[in-house]
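**Student:** For the sequence shown, our numbering begins at 4 and goes up steadily by one. Yeah, the Cβ is synthetic: ideal placement off N, Cα and C, and Gly gets one too.
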Amino acid sequence: METELRRAIERQEFRIHYQPIISLQTGRIVGFEALIRWQHPNRGLVYPTEFMSIAEEIGLGLALDRWVLREACRQLQQWQEQFLSSPADEESAASDSSRAIQSLTINVNLGSPQFGQAELLQHINQVLQETDLDASSLQLEITENAIMQNHEAASAMLSQLGAMGIRLLVDDFGTGYSSLGRLHRFAIDMLKIDRSFVSNIGTSAVSLEITETIVTLAQKLDVDVTAEGVETAEQLARLRELNCGYGQGYFFSMPLEASAAEALIVTNPRW
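Right, dumping it as structure tokens:
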């Protein structure tokens, strides 16, 4: 696996799939999360749960994280430029998509190794300049455990990232060990409810209560909240009843290759 991972980088076998994020108020796409995949020559599509831990162990995790950041920013900027140049026909779907694409955001996961790098700010700023993407279009997802490992340094880093205009999200919220007493001190913009709670809100009273508690907590902290792993109409209805702001999951769409994600933008569906 180690040898194949090193060769995969050289052979450019990694891909990014894009999963849409939906406003539960409007039912429209507001952004995408960039998810790395390995297009293995023999095994087919390999998911990050099968290779990222090994990649981090052999020192390749940081290189992969940085590649995803640059490629995701490049792709969103390309979409923005492409749709901005579409014919401005007020009656056309292309015109609607052109206006919508300008406000789309791209979510990129920031792994613990990358989050701890002293040159992180410089690297992100360089990527934004190289891709000509506005900082407000970038949203970084960080696990609560990564934040809590060194909360003082994390607090300073999050503040500096926020000062750049980048939105900051706590990923898989509810599964880590964050201190609620410290949570309000961090410059965060959104909590993402872990899919393990969302997938059971229709069958488990406890999962529903936890989800409702996180939504309420987000409202008290004046931050947004996204529910991950939405798979059924019932789950969507419950989340709307709880006034959850955003949703993401297979009910809306599986992660898509760039061309399929672009086609979805053009279609401009509403759920």
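(1) Does the Cβ-Cβ distance between Gln142 and Asn112 come in under 7 Å?
(2) Can you name the residues that DSSP bridges to Lys223?
(3) Say whether the segment 9-24 touches the segment 256-270, bearing in mind that this needs 3 or more beta-carbon pairs closer than 8 Å, one atom from each stretch.
(4) Give me, in chain order, the residues of the same chain whose beta-carbon lies closer than 6 Å to that of Gly252; leave out the 5 immediate sequence neighbours on both sides.
(5) Do Val228 and Ala221 have their beta-carbon atoms positioned less than 7 Å apart in this structure?
(6) Have a look at the DSSP bridge pairing and note the partners of Pro23.
(7) Using DSSP's beta-bridge definition, name the partner residues of His43.
(8) Taking only three categories from DSSP, how would you classify Arg273?
(9) If you draw a straight line from the C-alpha of Gln105 to the C-alpha of Ser140, how long is it?
(10) Do the segment 201-214 and the segment 155-174 touch if we need at least three Cβ pairs shorter than 8 Å?
(11) Helix, strand or coil for Met151? Go by DSSP, reduced to three states.
(12) Between which two residues does the beta strand (DSSP E) holding Leu194 run?
(13) If we count the other Cβ atoms within 10 Å of its Cβ and call it buried at 16 or more, is Leu161 buried or exposed?
(14) In terms of residues, what are the limits of the alpha helix (DSSP H) holding Gln83?
(15) Helix, strand or coil: which one does DSSP assign to Gln142?
(16) For the ligand PLP, any of its heavy atoms closer than 6 Å to the Cβ of Leu107?
(17) Which value, in whole angstroms, describes the spacing of the CA atoms of Glu265 and Leu8?
(18) Which whole-angstrom value is the C-beta distance of Leu164 and His187, which I expect to be below 8 Å?
(19) Out of Phe86, Thr134, Trp82, Leu27, which one is the CA nearest neighbour of Arg73?
(20) Starting from the C-beta of Gly34, find all residues in its chain whose C-beta is less than 8 Å away, skip the five residues before and the five after it, and write them out in chain order.
(21) Per DSSP, which one or two residues make a beta bridge with Asn3?
(22) For the beta strand (DSSP E) containing Leu123, name the first residue and the last one.
(23) Applying the criterion that 16 or more other CB atoms from any shown protein chain within 10 Å of the CB defines a buried residue, is Ala149 buried or exposed?
(24) Could you tell me the alpha carbon to alpha carbon distance between Met167 and Ala138, rounded to whole angstroms?
**Tutor:** In short:
(1) No, the Cβ-Cβ distance between Gln142 and Asn112 is not below 7 Å.
(2) Here Lys223 is not bridged, per DSSP, to any residue.
(3) Yes, the segment 9-24 is in contact with the segment 256-270.
(4) These residues qualify, in order along the chain: Gly232, Val233, Glu234.
(5) In contact: Ala221 and Val228 (Cβ atoms closer than 7 Å).
(6) In the DSSP output, where bridge partners are listed per residue, Pro23 has Phe35.
(7) Beta-bridge pairing links His43 to Gly47.
(8) DSSP, reduced to helix, strand and coil, places Arg273 outside both helices and strands of the structure shown, so it counts as coil.
(9) Using only the alpha carbons, I get a separation of about 9 Å.
(10) Touching, no, given that fewer than three Cβ pairs across the two stretches are closer than 8 Å.
(11) Helix, per DSSP.
(12) Where Leu194 is concerned, the enclosing beta strand (DSSP E) stretches over 193-196.
(13) By the neighbour-count rule (16 or more Cβ atoms within 10 Å), Leu161 is buried.
(14) Annotation for Gln83: the continuous alpha helix (DSSP H) segment containing it runs 64-87.
(15) Strand, per DSSP.
(16) With respect to small molecules bound, the structure shown includes none, and the ligand PLP cannot be examined in it.
(17) The straight-line gap from Cα to Cα measures roughly 29 Å.
(18) Between His187 and Leu164 the Cβ distance is about 17 Å, and since that is not below 8 Å, they are no contact.
(19) Just measuring C-alpha positions, the residue of Phe86, Thr134, Trp82, Leu27 sitting nearest Arg73 is Thr134.
(20) Excluding residues up to 5 positions away in sequence, Pro23, Ile24, Leu107, Thr108, Ile109, Asn110, Gln142 lie with their Cβ nearer than 8 Å to the Cβ of Gly34 in the same chain.
(21) A query on residue 3 cannot be resolved here, the shown segment of the chain reaching from 4 to 274 and no further.
(22) From DSSP, Leu123 is part of no beta strand (DSSP E) but of the alpha helix (DSSP H) over 123-134.
(23) By the neighbour-count definition (other C-beta atoms within 10 Å, threshold 16), Ala149 is a buried residue.
(24) If I take the Cα positions, the gap works out to 7 Å.
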